[in-house]
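Peer 1: So the sequence shown is numbered by the working numbering: it starts at 17 and just counts up by one. Backbone N, C-alpha and C fix where the C-beta goes; we use that ideal spot for every residue, glycine too. Note that the structure is predicted; figures quoted are calculated from it, not measured.
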Amino acid sequence: MSEAIRHLEEAFEPAERHRAVVVASEPITEAGADAEVREIVLEVDRPDFPYEVGQCIGVLAPADPAFGKEHHYRLYSVADLPERSASGRPSIRIAARRCSYIDDYSGERYPGIASNYLCDRRPGDAIEITGPFGLAFDVPEDRDADLILIGSGTGIAPFRALVKHIYRNVSDWRGKIRLFHGARSGLEMLYRNDARDDFAQYCDRETFEAFQALSPRPSWADPIAWDLAIEERGEELWDLLGKPSTHVYVAGLEKMRDELDKVFARLAGSPDKWQRRKAELVAGGRWVELLY
Ligand SMILES: Cc1cc2nc3c(=O)[nH]c(=O)nc-3n(C[C@H](O)[C@H](O)[C@H](O)COP(=O)(O)OP(=O)(O)OC[C@H]3O[C@@H](n4cnc5c(N)ncnc54)[C@H](O)[C@@H]3O)c2cc1C
Numbered sequence: 017m018s019e020a021i022r023h024l025e026e027a028f029e030p031a032e033r034h035r036a037v038v039v040a041s042e043p044i045t046e047a048g049a050d051a052e053v054r055e056i057v058l059e060v061d062r063p064d065f066p067y068e069v070g071q072c073i074g075v076l077a078p079a080d081p082a083f084g085k086e087h088h089y090r091l092y093s094v095a096d097l098p099e100r101s102a103s104g105r106p107s108i109r110i111a112a113r114r115c116s117y118i119d120d121y122s123g124e125r126y127p128g129i130a131s132n133y134l135c136d137r138r139p140g141d142a143i144e145i146t147g148p149f150g151l152a153f154d155v156p157e158d159r160d161a162d163l164i165l166i167g168s169g170t171g172i173a174p175f176r177a178l179v180k181h182i183y184r185n186v187s188d189w190r191g192k193i194r195l196f197h198g199a200r201s202g203l204e205m206l207y208r209n210d211a212r213d214d215f216a217q218y219c220d221r222e223t224f225e226a227f228q229a230l231s232p233r234p235s236w237a238d239p240i241a242w243d244l245a246i247e248e249r250g251e252e253l254w255d256l257l258g259k260p261s262t263h264v265y266v267a268g269l270e271k272m273r274d275e276l277d278k279v280f281a282r283l284a285g286s287p288d289k290w291q292r293r294k295a296e297l298v299a300g301g302r303w304v305e306l307l308y
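(1) On the three-state DSSP scale, how would you describe T262?
(2) Considering only C-alpha positions, which residue in the set H197, A173, F224 and Y92 is nearest to I246?
(3) Return the first residue and the last residue of the alpha helix (DSSP H) that P174 is part of.
(4) Around the Cβ of G140, are there at least 16 other Cβ atoms within 10 angstroms (buried) or fewer (exposed)?
(5) Just to check, is the beta-carbon of R176 closer than 8 angstroms to a non-hydrogen atom of ligand 1?
(6) How long is the line joining the alpha carbons of S101 and A36, rounded to whole angstroms?
(7) Might you give, ordered along the chain, the residues of its own chain that have their beta carbon closer than 8 angstroms to the beta carbon of T170, omitting 5 neighbours on each side?
(8) Keeping to the same chain, check which residues put their C-beta closer than 8 angstroms to that of K180; ignore five residues upstream and five downstream.
(9) At a cut-off of 8 angstroms, would you count V266 as near ligand 1, judging by its Cβ distance to the nearest heavy atom?
(10) For ligand 1, is there a heavy atom less than 8 angstroms away from the beta-carbon of S93?
(11) Which of helix, strand or coil does DSSP assign to W254?
(12) Applying the 10 Å Cβ sphere with the 16-neighbour rule, what's the burial state of Q217?
(13) Using only CA atoms, which one of R176, R159 and G202 lies nearest to D188?
(14) Taking DSSP's pairing of strands, which residues face G41 in a bridge?
(15) Using the DSSP secondary-structure output, state which residues sit across from Q228 in a beta bridge.
(16) Go ahead and pull the three-state DSSP assignment for V304.
(17) Is it true that the region 117–125 meets the region 221–237, where meeting means three or more beta-carbon pairs spaced less than 8 angstroms apart?
(18) Any heavy atom of ligand 1 closer than 8 angstroms to the Cβ of E270?
(19) So I129 and I73 are supposed to be a Cβ contact under 8 angstroms. How far apart are they, rounded?
(20) Closer than 7 angstroms by C-beta to W10: which residues in its own chain qualify, once you throw out the five before and the five after it? Chain order, please.
(21) Please determine, among A229, C115, G70 and F65, the residue with the shortest C-alpha to C-alpha distance to G104.
(22) Check the DSSP bridge columns for R100 and list the partner residues they point to.
(23) What residue range is occupied by the uninterrupted alpha helix (DSSP H) comprising L244?
(24) Compute the beta-carbon to beta-carbon distance between A47 and E204, rounded to the nearest angstrom, for a pair I have assumed lies under 8 angstroms.
(25) Determine, for E222, whether the minimum Cβ-Cβ distance to residues of chain C falls below 9 angstroms.
(26) Do you know how far the Cα of E270 is from the Cα of H23?
(27) From the DSSP output, in three-state form, read off R33 for me.
(28) Which residue's Cα is closest to the Cα of D220: E248, L256 and Y183?
(29) Count the CB pairs spanning the region 82–91 and the region 162–177 that are closer than 8 angstroms, and state whether there are at least three.
(30) Compare the C-alpha of P106 against each of I143, P63, P260 and T146 and name the closest.
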């Protein structure tokens with residue numbers, strides 16, 4: 017996780033905690049996938065929990081007291097629009113990947129604490145959450161603005177909510193949306209598989225197009241081939257990146273930053289040209305990353 021994001025997690029201190037009950041937990045990766053990602057629906061006990069599209073929540077998993085911490089605290093993007101359950105309580109949908117980490121000293125692999133805690137909860141279990149936190153990818157005021165959305169793995173979750181919000185609630189939206197969705201294999205394509213193809217419902221929208229990027233050799237853990245997906249649309253993307261109203265939103269694992277820089281440097285003609293263009297986008301608040 018990047019220092020910037022560590023800082024973000026520290027910035028969102030778990031001051032106010034809320035009880036939430038798991039009402040559903042289902043795998044959304046296909047059988048046979050190396051990764052397990054579960055869609056978890058939580059019902060928050062606090063009726064006025066004030067959450068909006070594009071926000072995150074914090075989850076407090078119990079920590080081992082031997083490490084001197086009461087909780088292990090991690091953030092999760094909300095993967096849907098704000099909803100209410102049948103009981104009228106706020107309902108939150110998140111997509112959590114079961115993670116592991118390699119211990120720096122022993123070199124052993126251990127289960128990640130928060131993600132395994134979350135993925136092991138079952139309907140009826142109560143957990144503690146915090147937030148919501150406004151790490152939003154905003155809908156631009158300008159309804160003609162174009163959006164380039166690039167998400168890998170669980171990074172697709174905030175874009176699922178954003179695209180749904182735009183096509184459901186922003187009636188005068190005219191900008192193009194180009195969604196690039198990366199995963200190691202087709203079995204790990206969240207919300208774009210046989211069981212759940214959420215983005216298919218927007219395919220008849222003139223403004224919407226979605227592309228997938230996979231790893232050429234998933235079993236060797238080769239990086240996602242962003243170049244194939246992005247360079248295929250290179251001309252259009254470069255035009256969009258030159259327009260003053262285009263916004264680029266990127267979400268997923270931190271290694272995406274370097275992978276994307278390489279591809280965009282090729283589109284730009286050189287790494288320097290790309291870094292200059294990216295710096296302009298960042299300075300204008302039009303390149304926003306949520307990397308972890
Ligand atoms: C703003 C923000 C939003 C996030 N949204 C989501 C989300 O919607 N869904 C989600 O599953 N995670 C999300 N994360 C990551 C999440 O907060 C945790 O880092 C993750 O669940 C691992 O926590 P852990 O305690 O199990 O393991 P940790 O010890 O924290 O991490 C174990 C290892 O897993 C890697 N890792 C962390 N997250 C992922 C991931 N999603 N996919 C693959 N590898 C990962 C870490 O780099 C580390 O190497 C988000 C993080 C941030 C900062």
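Peer 2: According to the structure data:
(1) coil
(2) I246 has its Cα closest to that of H197, out of H197, A173, F224 and Y92.
(3) Residue range A173 to N185 is occupied by the alpha helix (DSSP H) that includes P174.
(4) exposed
(5) no
(6) Approximately 12 angstroms between the Cα atoms of the pair.
(7) V53, S93, A111, A112, R113, L206 and G268
(8) Hits under 8 angstroms: D96, L97 and D214.
(9) no
(10) yes
(11) helix
(12) By the beta-carbon neighbour count (other beta carbons within 10 angstroms, threshold 16), Q217 is exposed.
(13) From the listed residues R176, R159 and G202, the smallest Cα separation to D188 is found for R159.
(14) The amino acid at residue 41 is misidentified as Gly; the sequence shows Ser. Note: S41 sits in a beta bridge opposite I56.
(15) H197
(16) strand
(17) no
(18) yes
(19) Contact flag wrong, Cβ pair sits at about 17 angstroms.
(20) The question about residue 10 has no answer, for the chain in this structure spans 17 to 308.
(21) Checking every option, the nearest Cα to that of G104 belongs to F65.
(22) P106
(23) W242 to E248
(24) Contact flag wrong, Cβ pair sits at about 12 angstroms.
(25) This model lacks chain C altogether, as it is built from one protein chain only.
(26) At H23 the pLDDT is 47, less than 50, meaning the model places this residue with poor confidence and gives no usable figure here.
(27) strand
(28) Y183
(29) no
(30) P63
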